[in-house]
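Novice:
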Amino acid sequence: MKAERFVEEVSKLSFDNTFNPYSDRCDVYDYFDAPQKRRALLLELLNAASCVEVDAIWIGRDLGYRGGRRTGLALTDDIHLSHHGERWGIKVDKLTKGLAVPERTAAVIWSVLASITSPVFLWNVFPLHPHDAGDPFSNRAHNIKERMAGEDLLGLLIEFLKPRRIIAIGNDAEKAARKIGGSLDVIKVRHPSYGGQSDFIGQMRVAYKLS
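All the letters of the sequence shown, read from the start, carry residue numbers -6 to 204 under the numbering used here.
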């Protein structure tokens, strides 16, 4: 599989009450060319990651309205968008209007990534932003149909990047990783939201042998 095909497949995904950052433009916050730039950024990240031995794919659940809806990158908000690009030697343009919006989950994720130098690729079980009907700036869990589409893409991503292991962040991520990951080592850690921050950080310190 080529990276271009993967980006094309993600961009084609469409479900009710979801926002696809690679093909949809937010009339409130996005610059006019934001979808194109998010596609280009994902392509650059995939190509960069394919040139190294990826230690792990960290898998979350789905994009949030304060994070991946805006950046197009899993577990990454506006605050850490440039950090994400820098890890792969990529310069990232601003994608949204106004002040940078922080996301709590992204802040915790990137506080740990700051201590890790090995190549880590961030992804989600469902790579779009699912929201409540009539409220695009809300978060909901993806449904069964959406998860199945996401699992198909996760399988393609694992085949393409050939990571050494998978870090599954939360129950939904673990289920998908164990279903799709084959013989890959899957390490489950607690999701940092809803009081799980300390557990997440502690489990990641163990997984990466951090002091």
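Even for Gly, the Cβ is constructed at its ideal location relative to N, Cα and C.
Mapping DSSP to helix, strand and coil, what is residue 12?
Specialist: strand
Novice: Do you know offhand how far residue 154's Cα is from residue 116's?
Specialist: 12 Å
Novice: Report yes if the C-beta distance between residue 198 and residue 189 is below 9 Å; otherwise report no.
Specialist: no
Novice: Taking the beta carbon of residue 203 as the centre, do at least 16 other beta carbons fall within 10 Å, making it buried, or is it exposed?
Specialist: exposed
Novice: Buried or exposed: residue 44, going by 16 or more other Cβ atoms within 10 Å of its Cβ?
Specialist: exposed
Novice: Express the C-alpha separation of residue 196 and residue 59 in angstroms, rounding to a whole number.
Specialist: 25 Å
Novice: Compute the Euclidean distance between the alpha carbons of residue 81 and residue 114, then round it to the nearest angstrom.
Specialist: 10 Å
Novice: Taking the beta strand (DSSP E) that residue 164 belongs to, which residues open and close that run?
Specialist: Where residue 164 is concerned, there is no enclosing beta strand (DSSP E), although the alpha helix (DSSP H) it sits in stretches over 164 to 173.
Novice: Give me the residue from 125, 38 and 86 with the minimum Cα distance to residue 23.
Specialist: 86
Novice: Just the C-alpha distance for residue 68 and residue 112, rounded to the nearest angstrom, thanks.
Specialist: 15 Å
Novice: Taking the alpha carbon of residue 207 as the reference point, which residue from 175, 130 and 12 has its own alpha carbon closest?
Specialist: Lying outside -6 to 204, the shown extent of the chain, residue 207 is not represented and no answer is given.
Novice: Does DSSP put residue 135 in a helix, a strand or coil?
Specialist: coil
Novice: In chain order, what residues of the same chain lie with their CB nearer than 6 Å to the CB of residue 135, ignoring the 5 residues before and after it?
Specialist: 55, 119 and 123
Novice: Using C-beta distances below 6 Å, list every residue in its chain close to residue 66, excluding the 5 sequence neighbours before and after it, in chain order.
Specialist: Only 77 meet the Cβ criterion.
Novice: For a test of the three-state rule: what should DSSP assign to residue 151, helix, strand or coil?
Specialist: helix
Novice: Using 8 Å as the threshold, is the region -4 to 16 in touch with the region 143 to 152, meaning 3 or more CB pairs across them?
Specialist: yes
Novice: Would residue 162 and residue 109 be called neighbours here (beta carbons separated by less than 9 Å)?
Specialist: Contact flag unset, no.
Novice: Where does residue 113 sit, in a helix, a strand or coil, going by DSSP?
Specialist: strand
Novice: Pick helix, strand or coil for residue 181, following the three-state DSSP scheme.
Specialist: In this structure, residue 181 counts as strand in the three-state DSSP scheme.
Novice: Residue 105 and residue 70 - do their beta-carbons sit closer together than 9 Å?
Specialist: With contacts defined by Cβ atoms closer than 9 Å, residue 70 and residue 105 do not form a contacting pair.
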